[in-house]
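Working notes for the structure below.
Numbering (the working numbering), first residue to last: 7 to 330.
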């Protein structure tokens, strides 16, 4: 039943994507349901962030045309040399959860992308607000043969990969916040959630989740910090298929290098974009709260804090600017 409803909504979205009016009767004929059932599906779609409005006598339309993710186009943009398998899903609970449930049967570098997430997740159990068609929500499966110790700092690598990709489409001056965020003008632009499964002494399988704000609705609830999207920076439309393909290729190539060389080749790139380098910050980890001068990261991805002339590494927690 749920699968049929998802298919029906996907067909309705594809029909509405061009931004033109479609009558409830026509939409019902298209998907084989009644006009009242169409109205119920439209109500659901508005609830996940699609700006659909209706005019009596004319039907339904989107406020603006919508560029949908296209699996075939993304694969073409990635190029024939790229071996990643990808799957685009219209509405999903969470791309990370989708991969976690299938992790041991998926090929290396498998990518799941979605138009919307109903249960998108950030770090520390926070919700990642995921309105339809307005961002990139993607997760990649990657197995590290060297186990847990071989993937230290992988979330930092992902941030660098996102920054590299954004530069290529003209978004410069992004900053990286340890351990998993991309900022622009002190506002959050992208987030990363890496989840790991495996046993000590064996391979470690990672689910690498990425969320990038592309063109968020004017009215959006549930985000509890300053944020920005790519379109606000570029002041022109962004091709989500192009950016998704670029990130997949960039991240895959960097992960292959990371497996051999570790984080060392990327340290200077992190330092150049480090949001808090040489600033006094607070580091909160559980009930512990310390402060110090941020001195970047080491080869293991640990945050380096200087206090009383001594620099110490820290592997977990959240940082913020130290206020007087």
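Glycine is no exception: its CB is placed at the ideal position from the N, C-alpha and C atoms. Bear in mind that the values here come from a model prediction, so they are computed numbers and not experimental data.
Continuous beta strand (DSSP E) stretch holding residue i: start and end
{"i": "residue 90", "result": "Note, residue 90: premise wrong, no beta strand (DSSP E); not H, not E."}
{"i": "residue 295", "result": "294-303"}
{"i": "residue 43", "result": "Residue 43 -> not in any beta strand (DSSP E); alpha helix (DSSP H) instead, spanning 41-53."}
{"i": "residue 291", "result": "286-291"}
{"i": "residue 324", "result": "324-327"}
{"i": "residue 102", "result": "Run containing residue 102: none in the beta strand (DSSP E); it sits in the alpha helix (DSSP H), 101-106."}
{"i": "residue 30", "result": "Note, residue 30: premise wrong, no beta strand (DSSP E); alpha helix (DSSP H) at 30-37."}
{"i": "residue 126", "result": "Segment: none, residue 126 is in no beta strand (DSSP E) and carries neither H nor E."}
{"i": "residue 216", "result": "210-219"}
Euclidean distance between Cα positions of residue i and residue j
{"i": "residue 149", "j": "residue 262", "result": "11 angstroms"}
{"i": "residue 157", "j": "residue 297", "result": "27 angstroms"}
{"i": "residue 75", "j": "residue 295", "result": "42 angstroms"}
{"i": "residue 354", "j": "residue 238", "result": "In the structure as shown, the chain begins at 7 and stops at 330. Residue 354 is therefore absent and cannot be evaluated."}
{"i": "residue 25", "j": "residue 99", "result": "26 angstroms"}
{"i": "residue 330", "j": "residue 287", "result": "Summary for residue 330: the model assigns pLDDT 44, below 50, so the residue's position carries little reliability; its value from the coordinates is reported in the next sentence. Cα to Cα, the separation comes out at about 11 angstroms."}
{"i": "residue 194", "j": "residue 180", "result": "10 angstroms"}
{"i": "residue 236", "j": "residue 144", "result": "16 angstroms"}
{"i": "residue 137", "j": "residue 231", "result": "17 angstroms"}
{"i": "residue 302", "j": "residue 269", "result": "13 angstroms"}
{"i": "residue 187", "j": "residue 33", "result": "41 angstroms"}
{"i": "residue 66", "j": "residue 254", "result": "35 angstroms"}
{"i": "residue 199", "j": "residue 155", "result": "18 angstroms"}
{"i": "residue 241", "j": "residue 89", "result": "33 angstroms"}
{"i": "residue 5", "j": "residue 182", "result": "The structure shown does not extend to residue 5, since the chain is modelled only from 7 through 330, so no value can be given for it."}
{"i": "residue 310", "j": "residue 171", "result": "26 angstroms"}
{"i": "residue 175", "j": "residue 257", "result": "16 angstroms"}
{"i": "residue 43", "j": "residue 49", "result": "10 angstroms"}
{"i": "residue 324", "j": "residue 81", "result": "36 angstroms"}
{"i": "residue 11", "j": "residue 160", "result": "37 angstroms"}
{"i": "residue 321", "j": "residue 260", "result": "22 angstroms"}
{"i": "residue 271", "j": "residue 95", "result": "35 angstroms"}
{"i": "residue 246", "j": "residue 139", "result": "9 angstroms"}
{"i": "residue 313", "j": "residue 300", "result": "9 angstroms"}
{"i": "residue 79", "j": "residue 208", "result": "37 angstroms"}
{"i": "residue 215", "j": "residue 146", "result": "7 angstroms"}
{"i": "residue 280", "j": "residue 184", "result": "8 angstroms"}
{"i": "residue 117", "j": "residue 41", "result": "36 angstroms"}
{"i": "residue 202", "j": "residue 93", "result": "21 angstroms"}
{"i": "residue 204", "j": "residue 210", "result": "5 angstroms"}
{"i": "residue 85", "j": "residue 292", "result": "44 angstroms"}
Helix, strand or coil at residue i [DSSP, three-state]
{"i": "residue 113", "result": "coil"}
{"i": "residue 242", "result": "coil"}
{"i": "residue 67", "result": "strand"}
{"i": "residue 274", "result": "helix"}
{"i": "residue 119", "result": "strand"}
{"i": "residue 330", "result": "Legend: pLDDT at residue 330 = 44, less than 50; position of this residue unreliable, value from coordinates given subsequently. Coil."}
{"i": "residue 23", "result": "coil"}
{"i": "residue 136", "result": "coil"}
{"i": "residue 80", "result": "helix"}
{"i": "residue 318", "result": "strand"}
{"i": "residue 96", "result": "strand"}
{"i": "residue 59", "result": "strand"}
{"i": "residue 264", "result": "helix"}
Assigned exposure category for residue i - 16 Cβ within 10 Å defines buried
{"i": "residue 14", "result": "buried"}
{"i": "residue 77", "result": "exposed"}
{"i": "residue 335", "result": "The structure shown does not extend to residue 335, since the chain spans only 7 to 330, so no value can be given for it."}
{"i": "residue 59", "result": "exposed"}
{"i": "residue 277", "result": "exposed"}
{"i": "residue 31", "result": "exposed"}
{"i": "residue 213", "result": "buried"}
{"i": "residue 108", "result": "exposed"}
{"i": "residue 38", "result": "exposed"}
{"i": "residue 317", "result": "exposed"}
{"i": "residue 125", "result": "exposed"}
{"i": "residue 46", "result": "exposed"}
{"i": "residue 18", "result": "buried"}
{"i": "residue 69", "result": "exposed"}
Residue i - containing alpha helix (DSSP H), residue span
{"i": "residue 313", "result": "First-last for residue 313: 309-313, but that is the beta strand (DSSP E), not the alpha helix (DSSP H)."}
Chain D within 7 angstroms of residue i, Cβ atoms only
{"i": "residue 313", "result": "Protein chains in the displayed structure number just one, and chain D is not present."}
Mind listing, in chain order, the continuous alpha helix (DSSP H) runs of no fewer than 4 residues lying wholly within the stretch 139-199? 160-174
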